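Single-structure report; data block below.
In the working numbering, the protein residues as written are 207 to 652.
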C-alpha cells in the first residue's frame with residue numbers, strides 16, 4: 207500500500223513540475239491569454255488528467271469551498287498562516303467595501319523553495335449558495351493586487367497554493383482612497399459636512415462633501431482628465447467640472463474663489479484647478495470646497511469613500527506561529543469559535559475543554575482554526591492549548607483501526623492491536639485524537 211501511495215505521489219509531483227515548467231507556462235500564456243493564473247493552472251490539471259486523482263480533486267474542491275466559507279473580517283487585516291503540502295487547501299476572506307474605495311491586497315511568503323500562490327478577488331452576491339463574480343487576479347510572481355470597488359458589496363479574497371507545496375504566508379488587506387485628496391495640504395479630517403445632510407430646510411439633500419480650508423488654498427485635480435466646464439451659478443458659485451473618463455465619472459468643484467483652468471484643458475493629478483472660497487450660496491459660511499462625483503448614467507454618488515483615508519495599519523500577529531499547521535485543543539470549557547476575530551462576533555461553534563482544533567493561521571490575538579468537521583473560525587489565544595502533554599494514556603481493549611479523520615467512513619491510517627498504548631490529545635464528538643509511540647496521529651472511536 208505504501209509503495210502505491212509513493213508511486214502516485216511521485217507521478218503527481220512529476221506532472222506538476224511539467225505543468226509549472228517554463229515551456230508549459232509560456233504555452234499557457236500564449237494560447238490562453240484571457241485565463242487568470244488560477245484558471246490556467248486548473249486547466250493544466252485537467253489537460254494532464256490530474257483532476258481525476260484524489261489530490262487533484264481535493265485541490266479543486268478546496269478552491270470551490272473557499273468561495274462558500276463564512277469567515278468575516280474587518281479591514282485593515284493581516285494574517286500569517288501555513289499551507290501544508292500533503293493536504294490541498296485554500297484561505298478566503300470576506301469583507302465589506304464601499305463604492306470608490308481601492309482594495310489593496312499584498313501577500314509575502316517565507317519558504318525554503320519557490321511556491322506559487324494564486325490570489326483572486328470576487329464580488330459576493332446575496333444568494334445562498336453564495337454567488338461570486340471574479341473581478342481581479344494577481345500575478346503569481348508579484349502577489350499584489352489593487353481593485354476599485356464599483357459597488358457597496360461584500361468582497362472575497364481567495365489565496366490558494368499550487369499542489370504539493372508547503373510554505374508560510376502573510377496576507378495584508380486594506381482599503382485606501384481611489385482618488386487624490388482635492389484640497390492641497392489637507393486630508394480627510396478637513397471634511398466637515400457629509401453626503402445626505404439636509405439643505406434649504408430639508409427641501410434637498412447634500413450631494414457631496416464639504417472640505418474646509420483657508421480661502422485661497424489650491425483645489426487640485428483628484429484624477430487625471432479633461433476640464434469640461436468652467437462656470438458660475440447661483441448655488442455653486444464659481445465651479446469647475448473635471449471629466450474622469452477612465453472611471454466614467456465627472457468631478458465637481460464648487461464655491462471656488464478663483465478658477466484657474468479652461469474648458470478642454472487636460473489635467474493631471476495634483477494640478478491646481480482653482481482656489482478655495484465661499485462663492486454662490488456659501489457666502490455666509492467659512493471658505494470650503496464642495497466636492498461632488500457624478501457617474502455616467504447614474505448621477506450623484508457619495509464621494510466620501512473615494513477620498514477618505516483611514517491611514518490605519520493592521521494589527522500585527524501576536525500568536526505563536528510555531529503552531530500553524532499543527533493540531534491543538536481548547537483550554538477551557540464553553541469555548542466559542544467565532545466567525546470573526548472579535549470577542550462578540552457570531553458563534554461558529556461552542557466547544558468543551560480539550561476539543562481538538564487544527565491551527566491554520568493567526569491574526570492579532572486569535573488563531574484561525576479548523577474543526578474536524580471542516581468548520582473554520584477564530585479561537586482566542588487565551589482559549590488555546592498546545593499538545594505538549596497528553597490528556598491521558600490508554601491501552602486499547604481490543605483490536606481497532608486508527609483513522610485519518612473522526613468519522614466511521616474515514617480511511618485507515620494504521621491497524622492497532624489490543625493493548626497498544628496511545629496518548630490521548632483531544633476529542634471531537636465520539637472520537638479521540640491520539641498519538642502512537644512512533645508519533646503517528648489519528649482518530650479512534652471513544
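Beta carbons: idealized from backbone N, C-alpha and C, even for Gly.
Values in this document were obtained by computation on a predicted structure and should not be read as measured data.
When Cβ pairs closer than 8 Å are counted between the two stretches, the region 378-387 is seen not to touch the region 341-348, the count staying below three. By the C-beta criterion, the region 558-566 is judged to be in contact with the region 630-643, since at least 3 inter-stretch pairs fall below 8 Å. C-alpha of residue 263 to C-alpha of residue 269: approximately 10 Å in a straight line.
Around the beta carbon of residue 364, 16 or more other beta carbons sit within 10 angstroms, so the residue counts as buried. Under the DSSP assignment, residue 249 falls in the alpha helix (DSSP H) whose first and last residues are 243-253. For residue 510, the enclosing alpha helix (DSSP H) stretches over residues 510-513.
C-alpha of residue 422 to C-alpha of residue 459: approximately 14 Å in a straight line. Looking at the backbone, the Cα of residue 578 and that of residue 295 are separated by about 14 Å. Fewer than three Cβ pairs drawn from the region 496-514 and the region 541-550 lie within less than 8 Å of each other, which leaves the two stretches out of contact. A residue is called buried once 16 or more other Cβ atoms fall within 10 Å of its Cβ, and residue 272 is buried on that count. Under the DSSP assignment, residue 399 falls in the beta strand (DSSP E) whose first and last residues are 397-399.
Excluding its 5 nearest sequence neighbours in each direction, residue 306 has C-beta neighbours in its own chain below 6 Å: 384, 511, 512, listed in chain order. Three or more Cβ pairs drawn from the region 278-289 and the region 567-575 lie within less than 8 Å of each other, which places the two stretches in contact. Residue 282 and residue 519 have their C-alpha atoms spaced approximately 6 Å apart. Look at residue 270 here: in three-state DSSP terms it is helix.
Counting every other CB atom within 10 Å of its CB across the protein chains shown gives residue 515 a total below 16, marking it as exposed. Of all alpha-carbon atoms in 391, 332, 392, 414, the one lying nearest the alpha-carbon of residue 401 is that of 414. A straight line joining the alpha-carbon of residue 593 with that of residue 636 spans about 19 Å.
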